[in-house]
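The structure appears right after this line, and notes come after that.
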Amino acid sequence: MIHVLFVCLGNICRSPTAEGVFRHKVERAGLSEVIAVDSAGTAAWHIGKAPDSRTCAAARQRGYDLSALRARQAVADDFLRFDWVLAMDASNLAHLQALRPAEARVVPQLFLPLADELTLSEVPDPYYGGAQGFEQVLDVIEIASDALLQRIQSSLR
Ligand code: 4NP
Numbered sequence: 032m033i034h035v036l037f038v039c040l041g042n043i044c045r046s047p048t049a050e051g052v053f054r055h056k057v058e059r060a061g062l063s064e065v066i067a068v069d070s071a072g073t074a075a076w077h078i079g080k081a082p083d084s085r086t087c088a089a090a091r092q093r094g095y096d097l098s099a100l101r102a103r104q105a106v107a108d109d110f111l112r113f114d115w116v117l118a119m120d121a122s123n124l125a126h127l128q129a130l131r132p133a134e135a136r137v138v139p140q141l142f143l144p145l146a147d148e149l150t151l152s153e154v155p156d157p158y159y160g161g162a163q164g165f166e167q168v169l170d171v172i173e174i175a176s177d178a179l180l181q182r183i184q185s186s187l188r
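With positions in the sequence shown counted from 1, the corresponding number in our numbering is that position plus 31.
Here it is as structure tokens:
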């Protein structure tokens, strides 16, 4: 089993979107028994909460159901359980690098650079902005999720 963890700040907007979108693509590829998906936040503010209502609404419009997801905080042990630890922005990445135990094999990295066709390297935080921000989050996450799935599929061959 390959374990993938998406990480943002609050675990209520960007990383739950990535979890839902990537899980949907994994299911469509028939790989649910091979790839496990989770998400977490670097901050503790929203632990136990469902994703932001704007995040859920935008995702639902594109066929992704995020309603069952609940926020949790990233912990050092995640680095011993996950094969991919993917940060939404550089600040998330810096927090993860500080949290990573010395014995961990996995190295956290930014999610978007997996997709060559994306010019953005960070998923912009939509929390304090308008509806268009949530669409942009979905746009870039859909593209990067395709790239991640291709990377994992070629590693399985
Ligand atoms: P996320 O967005 O990191 O994509 O979940 C945010 C959620 C909450 C806050 C900031 C960003 N906040 O300040 O509470």
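Idealized CB from N, CA, C, for every residue including glycine.
These numbers come from a predicted model, not from an experiment.
- For Asp109, the secondary structure class from DSSP, reduced to helix, strand or coil, is helix.
- Under the three-state reduction of DSSP, Leu151 is assigned to coil, being neither helix nor strand.
- Here Val137 is not near Val154, since their CB atoms are 8 Å or more apart.
- Straight across, the Cα-Cα distance linking Asp109 with Leu179 is about 19 Å.
- Closer than 7 Å to some heavy atom of the ligand 4NP: that describes the Cβ of Cys44.
- Under the rule that a run must span 3 or more residues, the beta strand (DSSP E) segments found entirely inside the stretch 37-122 read 66-72 and 115-118.
- If you draw a straight line from the Cα of Asp69 to the Cα of Val35, it comes to about 6 Å.
- Less than 8 Å divides the Cβ of Leu100 from the Cβ of Pro82.
- The DSSP-derived three-state label of Val171 is helix.
- Approximately 5 Å separates the beta-carbon atoms of Leu97 and Ala90; this is inside 8 Å, confirming the contact.
- In this structure, Ala49 sits near Phe142, with a CB-CB distance shorter than 8 Å.
- Residue pairing of Gln140 in beta bridges, as defined by DSSP: Leu117.
- A buried status is given to Pro139, since no fewer than 16 other beta-carbon atoms sit within 10 Å of its beta-carbon.
- Taking 7 Å as the cut-off, the C-beta of His77 counts as close to a heavy atom of the ligand 4NP.
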